[in-house]
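A.B. asks: Shown below is the structure under consideration.
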Amino acid sequence: MARFPFSAIVGQDEMKTALLIAAVEPAIGGVMVFGDRGTGKSTAARALAALLPPITVVEGCRFGCEPDQRGTCPDPCTSGRKAKQAVPFVDLPLGATEDRVIGALDLERALRAGEKSFEPGLLARAHRGFLYVDEINLLEDHLVDLLLDVAASGENLVEREGLSVRHRARFVLIGSGNPEEGELRPQLLDRFGLSVEVRTPESIPDRVEIMRRCSAQERDPEGFAGQWDAAEQKVLRQIARGQKKLPDMDVPDDVLHDAAELCAAVRADGLRGELTLMRAARALAALKGAKAVRREHLLEVAPMALRHRLRRDVLDETGSTARIERAMEELFE
Amino acid sequence: MTGGGPAADARLALHLLALAPVQLGGACLRGGGPLRDMLVEEFRALLDPDTPWRRLPPHIDDERLLGGIDVAASLAAGKAVRQTGLLVEAAGGIMAIPMAERAGEALAGRIAQSLDGNHRGPAVILFDDGASEDERPPASLLERVALHCDLTTAKTCEMPRSMPREAIAPEHVGPVDDEGLSALAGTAEALGVDSVRALLFAMAAARTHAAACGRRTVEADDLAAAARLVLGPRATQMPPQPEQAPPADKEAPDNDAREQASDQVEHTLEDIVLDAATSSIPADLLERLASGLMQSRARGGGGGRRTRSRLRGKPLGARPGLPRGGARLALVDTLRAAVPWQPIRRSDPAFADRSTIVVRKEDVRVRRFEERAAAVTIFCVDASGSAAMARLAEAKGAVERLLAQAYVKRTEVALIAFRGAGAEILLPPTRSLTRARRALAALPGGGGTPLASGISNACLLAEAEQAKGRTPFLVFLTDGSANVSRDGTGGRTRAREDADAAAKAIAAAGHSAILIDISPRPRPDAEQLAVSMRARYLPLPLADSGAIERAVLDAQSRIAA
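Order-wise, the sequence lines are chains C and S. For the first sequence, the numbering used here assigns the number 42 to the initial residue and increments by one for each residue that follows. For the second sequence, the numbering used here assigns the number 574 to the initial residue and increments by one for each residue that follows.
Here it is, written out as structure tokens:
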């Protein structure tokens, strides 16, 4: 079935921006999406994965090696041919075992040949793509830890069952959850690069528009995709431009100063806030085709880069977003 | 006989599901007993005889559900034998999930994924036999099936005549027009249904209903039926009532609705749709709204919280040992242990001719589980007039601080308040700061001190939590001066006797507890109470929320040690 076009998603601007930033700058370290069920969290993530141009891999490689990395994976892959495949989108099920996530001893080969070999898990499948974890707040802590660790290092290291394997696993980690159902530990939350809050569109016309588009897409997926093709191409060009511009994107000193001041004002814990803020601002500036990072870029990404890092004052009813916005107003207006 | 009534609705819902299983995702049938079985039989008769129908055993493992290596067959054959997963077998058909209210989150997650995915998985029918409000199928599954039917109050005699048979394929029905979409969106908003998925389901249900009636365009009663089957049961609030429309009789599921709809020209389409949806709002919605439970159910907290309990323990991996005394054989781990030795073992002449894997006793592994008893801290707060308002604020502060700790440590917190004539659970055990804050904000003060009710309620909650395999810890914040007895009447002596009896029940049950005396001048009352419940007694006349927090954490760590 054809995926829903990314640009046809109604509203959800913050989430779309965050996803684009993550697509341009994978080092950002994952996006945490807070929101109720049925708000289109996974639709947006899937749509972006489907939109991206196919990746070139060594034919038959189970680890998604790029052609110039041939033979560097644990298999190692040997095929001299290249193949195109869609950007992987892996949906991590809630009850996934560690085996399935990181990979395990290949039982089939062990049984057949008495051979010790590695069966890649979901992390290998997600390489160069997206790993989506719905209700990540309900996932066992040790698995969340592991995911964040691999997402940050870009490498999966397996040392178990007599196996000693390492393989590349660079992916954009997208976690979603509903804070009403229990929270993620702050230590884990802090390790996500960006966090966005998704709500259902409240206006009736928006909701009618959603139904109209979904029904149109269901009736004629191809025709619908055709209608949105121009918009989709525009997003693709924007991503390509962002990726090209990002390495040379300059962050002027005064913007760095702004970032530090803002983090101090909202008392964001640790240095990760500043770093992410800067990276996200760079990526956004690159996406927008700017020559250098400006304060407006910083302000646009500040809520998503910082809101999950504020120390929670349990007696303070004000939401994190409001606190950041207040600080931005006080500092920069 | 006109339609209406839960049985007729369920029947209609299953009829629609038979026409469009993929679009509607499935149905949830709550309660109903033999009537439900009858409806399901009828539903099966509607399906093409070749449609796969699978029943999901509650304790299915991943290999069977998703497919994988059949270990037993592989062992016998000496080569890997794959088995197909149940989800694949049922693809394009129906998966029946009995006792869905007991399905774990892991299972629910996988089924939800197959429903979400590329539309190749089966539609599901959830059989919900939950008795209490909290016992519901996992929210992630409920969200993904369009049709929710509550048969708990249904009677057989309500069954309507047979369904129309002139159905056409749903894809021949034109799209819902803008007025219809607005009516659905407006209805969803009025009922507090936030999920866009529900809206899309309502749209699909309306078209399927039109198809069931053999129409190519969606009309008012199609929208009304969709609202009744999809939106009403998901309501999280009563619709605002500008002018109360005449009740009931416009909820006909089939042809009768046409005539009735024509009587209502003065109503806008949205009114008709909203009325229809209102007829299927769960009967106990108002009650639940009042008790504050709604918020959690609407957002799926109920299901999640229950299944998050670690009843079965976290698998710790396998260790060498023989499967006896209740230990279960860890087959895969056993094989893993045997595999590296195969070349050596085959070189032993005794096994040389064996083509299968050679397993020895020392390879055998058994499963281990860690029964991690999650802790639940139950606060029982005296909100009466005698515990002055200032103290109450400190108590609230302490609860919030402890909760902030609790969610770091993944323990849960519950809150019981007693004042006036009785005690109530303001906050069922939760880890959610958001919910707790809301409950605390709503905590009023003043009135008599029904200490006995407070203590008994705390004891009951502690027992319920213990039954779920968690370790309760009780924290009482009171001045110990009871003046309302258990039956809600005044009188100090009776009240004190009742409180003392309730306290002894806690001692008898063996729950760990701490009693913090929050009166400005500690009196023997509270200390006596602490002795009765064998709790630690802590007079904190000048305590602020920080001191209370430290005291509780300290007491907890002593118990843990």
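Ideal Cβ placement from N, Cα and C applies to all residues, glycine included. Quick caveat, the model's predicted, so the values are computed rather than measured.
State yes or no: is the beta carbon of R770/S nearer than 8 angstroms to at least one beta carbon in chain C?
C.D. replies: The count along the second sequence starts at 1 and reaches residue 770/S at position 197. Yes, contact with chain C.
A.B. asks: Once the 5 residues before and after L187/C are set aside, which same chain residues still bring their CB inside 8 angstroms of it?
C.D. replies: Reading the first sequence from its first residue, position 146 is the one you call residue 187/C. Correct list, in chain order: E139, V142, I143.
A.B. asks: Quick check: R44/C and R87/C, are their CB atoms within less than 8 angstroms of each other?
C.D. replies: As a working note, residue 44/C is residue 3 in the first sequence. As a working note, residue 87/C is residue 46 in the first sequence. In contact: R44/C and R87/C (Cβ atoms closer than 8 angstroms).
A.B. asks: Checking contacts by CB at 8 angstroms: is L135/C closer than that to chain S?
C.D. replies: One-based indexing of the first sequence puts residue 135/C at position 94. Taking Cβ atoms only, chain S reaches closer than 8 angstroms to L135/C, which makes this a yes.
A.B. asks: Quick check on the DSSP output: what are the complete alpha helix (DSSP H) runs of length 4 or more inside the region 1001-1032 of chain S, in order along the chain?
C.D. replies: Entirely contained in the region 1001-1032 of chain S, the alpha helix (DSSP H) runs reaching 4 residues are, in chain order, 1006-1014.
A.B. asks: Using only alpha-carbon positions, find the residue among L135/C, C106/C, S217/C that is nearest to T119/C.
C.D. replies: What you label residue 119/C is simply residue 78 of the first sequence in a count that begins at 1. Checked all of L135/C, C106/C, S217/C; the closest Cα to T119/C is C106/C.
A.B. asks: Could you confirm whether any beta carbon from chain C is found closer than 8 angstroms to the beta carbon of G682/S?
C.D. replies: Translated into the one-based positions of the second sequence, residue 682/S becomes position 109. With 8 angstroms as the cut-off, G682/S counts as an interface residue toward chain C.
A.B. asks: Is there a C-beta anywhere in chain B that falls below 8 angstroms from the one on P893/S?
C.D. replies: Reference to chain B is not applicable here, since the protein chains of this structure are C and S.
A.B. asks: In angstroms, rounded to a whole number, what distance separates the CA positions of L1102/S and L1034/S?
C.D. replies: For the purposes of this step, residue 1102/S is taken as residue 529 along the second sequence, with counting starting at 1. For the purposes of this step, residue 1034/S is taken as residue 461 along the second sequence, with counting starting at 1. Taking the straight line joining both Cα atoms gives about 19 angstroms.
A.B. asks: Whole-angstrom Cβ separation of L688/S and G682/S, contact assumed at under 8 angstroms?
C.D. replies: Taking the first residue of the second sequence as 1, we reach residue 688/S at position 115. Taking the first residue of the second sequence as 1, we reach residue 682/S at position 109. Not confirmed; about 11 angstroms, so no contact.
A.B. asks: I'd like to know whether the C-beta atoms of A1099/S and T1066/S end up nearer to each other than 8 angstroms.
C.D. replies: Here residue 1099/S refers to the residue found at position 526 of the second sequence. Here residue 1066/S refers to the residue found at position 493 of the second sequence. Against a cut-off of 8 angstroms, the Cβ pair of T1066/S and A1099/S comes out as no contact.
A.B. asks: Under three-state DSSP, which class holds H168/C?
C.D. replies: In the first sequence, the residue the question calls residue 168/C occupies position 127. Residue state, collapsed to three classes: coil.
A.B. asks: Give the DSSP-derived three-state secondary structure of I930/S in the structure shown.
C.D. replies: The residue labelled residue 930/S in the question sits at position 357 within the second sequence. Residue state, collapsed to three classes: coil.
A.B. asks: Does the distance from the CB of D701/S to the CB of P711/S come in under 8 angstroms?
C.D. replies: Taking the second sequence and counting its residues from 1, one reaches residue 701/S at position 128. Taking the second sequence and counting its residues from 1, one reaches residue 711/S at position 138. It is not a contact, given that the beta carbons lie outside the stated cut-off.
A.B. asks: Once you ignore the five residues that flank A192/C on each side, which residues in its own chain have a CB closer than 7 angstroms to its CB?
C.D. replies: Residue mapping note: residue 192/C aligns to position 151 of the first sequence, counting from 1. Result list for A192/C: G70, G71, F212, L214, in chain order.
A.B. asks: Which residues does DSSP list as the beta-bridge partners of A996/S?
C.D. replies: The residue given as residue 996/S occupies position 423 in the second sequence. DSSP output for A996/S lists F991/S as bridge partner(s).
A.B. asks: Are the region 76-95 of chain C and the region 290-302 of chain C in contact at 8 angstroms, needing three or more beta carbon pairs?
C.D. replies: Contact between the region 76-95 of chain C and the region 290-302 of chain C is absent, because fewer than three Cβ pairs lie under 8 angstroms.
A.B. asks: Can the beta-carbon of R664/S be found less than 8 angstroms from the beta-carbon of I670/S?
C.D. replies: By one-based count along the second sequence, residue 664/S stands at place 91. By one-based count along the second sequence, residue 670/S stands at place 97. Note that residue 664/S corresponds to Ala in the displayed sequence, not to Arg. Their beta carbons are not under 8 angstroms apart, which means A664/S does not touch I670/S by this criterion.
A.B. asks: Could you name the residues of chain S that K157/C contacts, counting a contact when the two beta carbons are closer than 8 angstroms?
C.D. replies: Within the first sequence, the letter at position 116 stands for residue 157/C. Under the 8 angstroms cutoff, chain S gives V912, P913.
A.B. asks: From A849/S to G805/S, what distance separates their C-alpha atoms?
C.D. replies: Indexing the second sequence from 1 puts residue 849/S at position 276. Indexing the second sequence from 1 puts residue 805/S at position 232. Straight-line Cα distance between these residues: approximately 8 angstroms.
A.B. asks: Which residues, in chain order, does the region 231-255 of chain C contribute to contact with chain S at a C-beta distance below 7 angstroms?
C.D. replies: Answer in chain order: T241, I245, R248, V249, I251, M252, R253, C255.
A.B. asks: Looking at L638/S and L608/S, is the spacing between their C-beta atoms short of 8 angstroms?
C.D. replies: Here the question's residue 608/S lines up with position 35 in the second sequence. Here the question's residue 638/S lines up with position 65 in the second sequence. Contact flag unset, no.
A.B. asks: Where do the N-terminal and C-terminal ends of the alpha helix (DSSP H) with I1091/S fall, by residue?
C.D. replies: Here the question's residue 1091/S lines up with position 518 in the second sequence. No alpha helix (DSSP H) holds I1091/S; DSSP gives it neither H nor E.
A.B. asks: Got a sec: is the Cβ-Cβ distance from S217/C to anything in chain S below 8 angstroms?
C.D. replies: Residue 217/C sits at position 176 when you count from the first residue of the first sequence. By this cut-off, S217/C is not an interface position.
A.B. asks: So, is D634/S buried or exposed, given that buried needs 16 or more other C-beta atoms within 10 angstroms?
C.D. replies: Locating residue 634/S in the second sequence gives position 61, where the first residue counts as 1. D634/S is exposed by the Cβ-count criterion.
A.B. asks: Comparing the C-beta of Q686/S with each C-beta of chain C, is any distance below 8 angstroms?
C.D. replies: The residue labelled residue 686/S in the question sits at position 113 within the second sequence. Yes, because at least one Cβ of chain C sits closer than 8 angstroms to the Cβ of Q686/S.
A.B. asks: Less than 8 angstroms separating the beta-carbons of I251/C and A64/C?
C.D. replies: By one-based count along the first sequence, residue 251/C stands at place 210. By one-based count along the first sequence, residue 64/C stands at place 23. No, the pair does not count as a contact, with Cβ atoms beyond the cut-off.
A.B. asks: Closer than 8 angstroms, CB to CB, is R1123/S near chain C or not?
C.D. replies: Position 550 of the second sequence holds residue 1123/S. Closer than 8 angstroms: no.
A.B. asks: Going along chain C in order, which residues have a C-beta closer than 8 angstroms to the C-beta of D689/S?
C.D. replies: Along the second sequence, read from residue 1 onward, the residue named residue 689/S stands at position 116. The contacting residues are S83, D132.
A.B. asks: Any idea which residues DSSP pairs I741/S with across the strands?
C.D. replies: Counted from its first residue, the second sequence places residue 741/S at position 168. Looking at the DSSP assignment, I741/S forms no beta bridge with any residue, so it has no partner.
A.B. asks: From which residue to which residue does the beta strand (DSSP E) around S205/C run?
C.D. replies: Residue mapping note: residue 205/C aligns to position 164 of the first sequence, counting from 1. S205/C -> beta strand (DSSP E) spans 204-209.
A.B. asks: Give me the Cα-Cα distance between L1126/S and K285/C, rounded to the nearest whole angstrom.
C.D. replies: On the second sequence, residue 1126/S is found 553 positions in, with the first residue counted as 1. On the first sequence, residue 285/C is found 244 positions in, with the first residue counted as 1. Rounded to the nearest angstrom, the two C-alpha atoms are 54 angstroms apart.
A.B. asks: Step through the CB atoms of chain S and report whether any lies within less than 8 angstroms of the CB of L146/C.
C.D. replies: Here the question's residue 146/C lines up with position 105 in the first sequence. So yes, L146/C belongs to the interface.
A.B. asks: Who does D955/S pair with in a DSSP beta bridge?
C.D. replies: Taking the first residue of the second sequence as 1, we reach residue 955/S at position 382. Looking at the DSSP assignment, D955/S forms a beta bridge with F991/S.
A.B. asks: Can you give me the C-alpha to C-alpha distance between M668/S and C601/S, rounded to a whole angstrom?
C.D. replies: On the second sequence, residue 668/S is found 95 positions in, with the first residue counted as 1. On the second sequence, residue 601/S is found 28 positions in, with the first residue counted as 1. Near 12 angstroms, if we compare the C-alpha coordinates of C601/S and M668/S.
A.B. asks: Using a Cβ-Cβ distance under 8 angstroms, would P33/C count as near chain S?
C.D. replies: A question about residue 33/C goes unanswered here, because the residues of chain C that appear run from 42 up to 374.
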